[in-house]
Amino acid sequence: MLRDAVAHLDAETTGVLVAAATDLSLVVDHDGVIRDATFGSDDLADEGVGRWLGRRWIDTVTVESRPKIADLLQDAAPGAVTRWRQVNHPSASGIDVPIRYSALRLPGNGPIIAIGRDLRALAALQRRLAESQQALERDYLRLRGAETRYRMLFQLAGEAVMIVDAATRRVAEVNPATARLLGRAAKRIVGQDLVDLFEPESGKAVQALLVGLRLTGQAEDVAARLANRRGEARVAAALFRQDSTTHILVRLSPSLAAAPGPGPARSGVLNVIDALPEGFVLTDRNRHVLAANAAFLDLAQLASEQQAKGESLDRWLGREGTEFSALFATLVEHGSVRHFATVVRGEFGGLEEVEVAAVSVPGGEQPCLGFTVRSVPRRIVPAAVPGGREFPRSVEQMTELVGRVSMKNLVRETTDLIERLCIEAALKITNDNRASAAEMLGLSRQGFYAKLRRYGLGDLDGIDEPDETEH
Numbered sequence: 001m002l003r004d005a006v007a008h009l010d011a012e013t014t015g016v017l018v019a020a021a022t023d024l025s026l027v028v029d030h031d032g033v034i035r036d037a038t039f040g041s042d043d044l045a046d047e048g049v050g051r052w053l054g055r056r057w058i059d060t061v062t063v064e065s066r067p068k069i070a071d072l073l074q075d076a077a078p079g080a081v082t083r084w085r086q087v088n089h090p091s092a093s094g095i096d097v098p099i100r101y102s103a104l105r106l107p108g109n110g111p112i113i114a115i116g117r118d119l120r121a122l123a124a125l126q127r128r129l130a131e132s133q134q135a136l137e138r139d140y141l142r143l144r145g146a147e148t149r150y151r152m153l154f155q156l157a158g159e160a161v162m163i164v165d166a167a168t169r170r171v172a173e174v175n176p177a178t179a180r181l182l183g184r185a186a187k188r189i190v191g192q193d194l195v196d197l198f199e200p201e202s203g204k205a206v207q208a209l210l211v212g213l214r215l216t217g218q219a220e221d222v223a224a225r226l227a228n229r230r231g232e233a234r235v236a237a238a239l240f241r242q243d244s245t246t247h248i249l250v251r252l253s254p255s256l257a258a259a260p261g262p263g264p265a266r267s268g269v270l271n272v273i274d275a276l277p278e279g280f281v282l283t284d285r286n287r288h289v290l291a292a293n294a295a296f297l298d299l300a301q302l303a304s305e306q307q308a309k310g311e312s313l314d315r316w317l318g319r320e321g322t323e324f325s326a327l328f329a330t331l332v333e334h335g336s337v338r339h340f341a342t343v344v345r346g347e348f349g350g351l352e353e354v355e356v357a358a359v360s361v362p363g364g365e366q367p368c369l370g371f372t373v374r375s376v377p378r379r380i381v382p383a384a385v386p387g388g389r390e391f392p393r394s395v396e397q398m399t400e401l402v403g404r405v406s407m408k409n410l411v412r413e414t415t416d417l418i419e420r421l422c423i424e425a426a427l428k429i430t431n432d433n434r435a436s437a438a439e440m441l442g443l444s445r446q447g448f449y450a451k452l453r454r455y456g457l458g459d460l461d462g463i464d465e466p467d468e469t470e471h
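Read left to right, the sequence shown gives residues 1 to 471 (the UniProt record's numbering).
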């Protein structure tokens with residue numbers, strides 16, 4: 001029926017129908033010269049399509065696209081449409097115009113009709129996808145680097161430090177100094193109840209410290225005797241939250257009678273802090289600088305540490321007084337602050353965007369505040385020319401499909417790639433907590449697990465129902 005209806009159309013009507021059904025249509029003679037061109041939008045007209053008339057079709061494309069045009073001209077035959085091929089046309093704006101062509105030769109050895117589809121919208125989508133994935137990769141590398149640096153400080157610290165689960169009082173992590181102080185291997189301390197690391201009478205004092213800390217967020221230091229006659233130590237503790245869970249940072253300081261002199265480990269950690277590429281500042285409770293490392297002095301454009309000592313930290317930190325006051329209020333209320341975005345104002349007018357992490361240490365002979373100041377790297381603006389960017393592997397595979405599969409299938413593949421990237425990002429943010437990841441993405445648990453199986457993400461062996469609890 002359709003063939004019979006089309007057979008009665010005149011040439012003008014047929015031309016209008018072809019122009020409406022495609023973004024671009026060309027009439028090419030036996031010598032490969034473009035004799036006529038119609039386009040479905042003014043955008044293509046602005047790209048100079050009208051100037052192609054009278055030129056060879058192969059001369060209107062970029063160098064790498066010429067073999068594809070030659071194949072289209074060779075494969076065009078009456079009654080058979082060639083397969084689609086993507087080519088790039090140079091434009092006055094400097095950004096190539098991607099067009100996907102198919103060709104058909106009219107009966108009687110007539111001219112070739114080439115119909116084209118504009119792929120600029122798809123190319124823009126691919127660019128945004130590549131930029132998003134590259135941004136995720138940069139953020140992941142930045143977070144992994146920060147975690148490595150702080151873990152190194154934790155391990156090198158000469159003072160005994162433990163991470164304790166606030167709900168169960170179980171020790172989650174210890175540094176080597178703690179193992180030396182308690183005279184046990186680190187793996188034998190992890191999992192123990194914190195109170196059991198002290199003698200019974202002292203354990204009651206430590207337990208009272210933990211109760212007061214959970215109720216008020218602050219607690220005075222206590223002196224306690226370590227188990228197995230390991231001597232007496234001063235116990236200080238501070239609350240902090242990580243991954244929606246409350247933890248306690250416990251610091252053990254040996255009493256003066258049992259404390260060894262400054263050993264190589266303690267001297268080493270001081271040297272590490274001073275040599276850190278990130279700024280470190282120690283202040284009293286009134287925010288006056290007690291010590292600062294070389295990296296912070298560079299940010300503040302100071303020549304020596306003496307220029308900073310005794311001065312208020314908000315002289316250099318914060319865009320305005322209210323910003324630093326908000327940082328200080330949060331630090332006093334919660335005991336620690338992470339990822340606080342602000343600026344450092346140099347003595348000579350320099351302005352550096354930074355990210356601040358801080359902790360309050362209320363105990364000890366002199367309560368103090370510690371600040372790490374990290375410069376925020378400037379994001380590199382992606383190149384505007386698609387050919388000048390090195391795409392991630394997954395996007396390269398996607399672009400290679402252009403010209404070989406239908407646009408419908410290509411868009412479906414692109415959608416699958418975006419889904420996978422979103423799921424992987426949600427799992428990273430929630431530390432592989434699938435229930436939280438599903439809620440973050442607005443998916444049901446059953447639907448989220450179906451997508452995990454579809455993309456082969458995670459270890460799903462033995463999981464029949466989406467009711468597992470992950471931490």
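Note that beta-carbon positions come from the ideal geometry of N, C-alpha and C, so glycine has one too.
- In this structure GLU47 is buried. Its beta-carbon is surrounded by 16 or more other beta-carbon atoms within 10 angstroms.
- In this structure, the alpha-carbon of GLY203 lies about 19 Å from that of ARG188.
- A distance below 8 Å between beta-carbons, with the five flanking residues on each side excluded, links GLU311 to the following residues of its chain, in chain order: HIS288, VAL289.
- Exclusion of the five residues before and after VAL272 leaves MET152, LEU153, LEU156 as the residues of its chain whose Cβ lies within less than 8 Å of its Cβ.
- One thing to note: LEU210 has its Cβ within 8 Å of the Cβ of ARG169.
- Of the other Cβ atoms in all chains shown, fewer than 16 fall within 10 Å of the Cβ of ASN431; this residue is therefore exposed.
- Look at PHE348 here: in three-state DSSP terms it is coil, with no helix or strand label.
- Annotation: GLN134 to VAL222 spans about 49 Å, alpha carbon to alpha carbon.
- Taking all protein chains in view, the Cβ of ILE429 is surrounded by fewer than 16 other Cβ atoms within 10 Å, so the residue is classified as exposed.
- Annotation note: the stretch 131-212 contains the following uninterrupted beta strand (DSSP E) runs of length 3 or greater, listed N- to C-terminal: 160-165, 171-174.
- One thing to note: VAL354 has its Cβ within 8 Å of the Cβ of THR342.
- The C-beta of ASN433 has 16 or more other C-beta atoms within 10 Å across all chains shown, which makes the residue buried.
- Our two residues, GLN218 and ALA166, have alpha carbons roughly 13 Å apart in a direct line.
- Beta-carbon to beta-carbon, LEU181 and PRO254 are separated by about 7 Å, close enough to satisfy the 8 Å threshold.
- Residue pairing by DSSP puts LEU369 in a beta bridge opposite THR283, SER360.
- Here PHE324 is not near VAL373, since their CB atoms are 8 Å or more apart.
- In this chain, the beta strand (DSSP E) harbouring ALA238 covers 232-242.
- Shown here for LEU26: same chain residues with a beta carbon closer than 6 Å to its own, the five before and five after excluded, namely ILE34, ALA37, ALA114 in chain order.
- If you ignore the 5 residues before and after ALA294, its C-beta comes within less than 8 Å of the C-beta of ASP274, ALA275, all in its own chain and listed in chain order.
- In summary, SER102 is buried, with 16 or more beta-carbon neighbours lying within 10 Å of its beta-carbon over all protein chains present.
- For SER436, there is no enclosing beta strand (DSSP E); the residue is found in the alpha helix (DSSP H) stretching over 434-440.
- According to the DSSP assignment, ARG454 belongs to the alpha helix (DSSP H) that extends over 445-455.
- For ARG66, there is no enclosing beta strand (DSSP E); the enclosing alpha helix (DSSP H) covers residues 66-75.
- Spanning the alpha carbons of LYS68 and PRO111 requires a straight line of approximately 18 Å.
- Closest by C-alpha distance to ASP298, out of ASN286, TRP316, VAL97, LEU226, is TRP316.
- Assignment of HIS339 by DSSP, reduced to helix, strand and coil, places it in the strand class.
- Per DSSP, reduced to three states, the secondary structure at LEU104 is strand.
- Taking PHE340 as the centre and dropping the five residues before and after it, the same chain places the C-beta of LEU327, THR330, GLU355, VAL356, ALA357, ALA358 closer than 8 Å to its C-beta, in chain order.
- Looking at the DSSP output, ASP36 bridges to VAL27.
- For ASN88, the secondary structure class from DSSP, reduced to helix, strand or coil, is strand.
- Residue nearest to PRO176 within the set GLU159, GLY32, GLY279, SER336 is GLU159 (criterion: CA-CA distance).
- Scanning its chain for C-beta atoms nearer than 6 Å, with the 5 sequence neighbours on each side dropped, one finds around ARG338 the residues ALA357, in chain order.
- In the three-state reduction of the DSSP assignment, ALA300 falls in the coil class, being assigned neither a helical nor a strand state.
- Between LEU351 and PHE371, the alpha-carbon positions lie close to 18 Å from each other.
- Around the beta carbon of SER65, a 10 Å sphere encloses 16 or more other beta carbons of the protein chains shown; the residue is thus reported as buried.
- Here THR62 is near PRO90, since their CB atoms are less than 8 Å apart.
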